[in-house]
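Report on the structure given below.
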Amino acid sequence: MKIIVLAAFFAFALAMPKRMVLPRLPAAVMMSGKYQLIPKDKIVGGAVVEPNSLPFQVSLQRLSGTTGQYSQSCGGSILDDSTILNAAHCVRGVDPASMLIVAGEHSLSQESGLEQNRFVINTTVHEKYDFLTYENDISLLFLESPLDLSVPAARPILLPPPTEEFDPPSGLLLTVSGWGTTSLGGVISDQLRSVDVPVVDDATCNYAYGGSTQNPDVFPSMICAGDMSAVQTFQVELISGGPLFLLPLDGNVTEARQIGVVSWGRGCAISAFPGVYTQVSYFLDWIAANRV
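Letter by letter, the sequence shown follows residues -15 to -1, 1 to 277 in mature numbering (1 follows the signal peptide of the UniProt record, and there is no 0).
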């Protein structure tokens, strides 16, 4: 049985996965030297990012009826000044009036002056979202007032090009970010963290979760990433809805492309199970049709 990812699998040791079989980024693009492939035995660990170095990342916060305070609930990414990309399970059945988006967020406890708080006026959840399988786990959040995207701390993320087929080669290194813990049962990180994770091929990922070709756990609209061999993992909780993205080798965040949305996994700090993400390229038409 699947468990919503309020914990994703951020690993210190990365293995070389097999080639994926689903259509994604063109191999020619990935092999051009612009993006990083994972060398064997490369050790990659999660860490606190430089403040506002991932300007497309937002914090989705929910109002507590008990305390009257907003607290971290999910991640998210900026598509434009009024639209946030998120997971369906983060907002399904939740009153938009209880949601707050914070762009330019780094520390959850200390303000830098670069934060932009925006109330959510409406949400659109994919009409075929399945809360049992997490298929079509994608949503859009619409802001009451637009973000100021002229400042470095808040910038939109690019989506996959609609005219290209996406097919990353084995070992393509993606990045996932969020606020969370560095150990099982630990205290939530006050600062935004990120980690590099390798793509895991669909067959291996589906097998890990007990699925089969006839009865899959991992659907074609999902993409898996994470280390399946590490003994110790670095987990980040409360990052559901956040971005899984591709950075060029020069680290230019203005060229970052969102490949996935943090969706689900099984358990916490279990290295045999990679994280499962909604694959953005499968939903480009849906996103375009539902953006205001």
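Where is the CB? At the ideal position from N, CA and C, for every residue including glycine. Everything numeric in this text was worked out from a predicted model, so none of it was measured.
- The beta carbon of CYS59 sits closer than 6 Å to the beta carbons of LEU45, CYS75, SER225 and GLY226 from its chain, once the five residues preceding and following it are set aside; these are given in chain order.
- The beta carbon of ASN191 is closer than 7 Å to those of PRO201, ASP202 and VAL203 in its chain, skipping five residues each way along the sequence.
- Annotated three-state conformation of LEU269 is helix, per DSSP.
- DSSP places SER248 within a strand segment (E or B) once states are collapsed to three.
- Residue range 187 to 193 is occupied by the alpha helix (DSSP H) that includes TYR192, with no beta strand (DSSP E) assigned at that position.
- For LEU128 and THR109, the gap between their C-alpha atoms comes out near 12 Å.
- In the three-state reduction of the DSSP assignment, ASN275 falls in the helix class.
- When the beta-carbon positions are compared, PHE230 and ILE86 stay at least 8 Å from each other.
- Straight through space, the alpha carbons of SER248 and VAL182 are spaced by roughly 15 Å.
- Judged by DSSP in its simplified three-state form, SER83 adopts helix.
- Look at THR239 here: in three-state DSSP terms it is helix.
- Taken atom to atom, the span from the alpha-carbon of LEU134 to that of ARG140 is near 5 Å.
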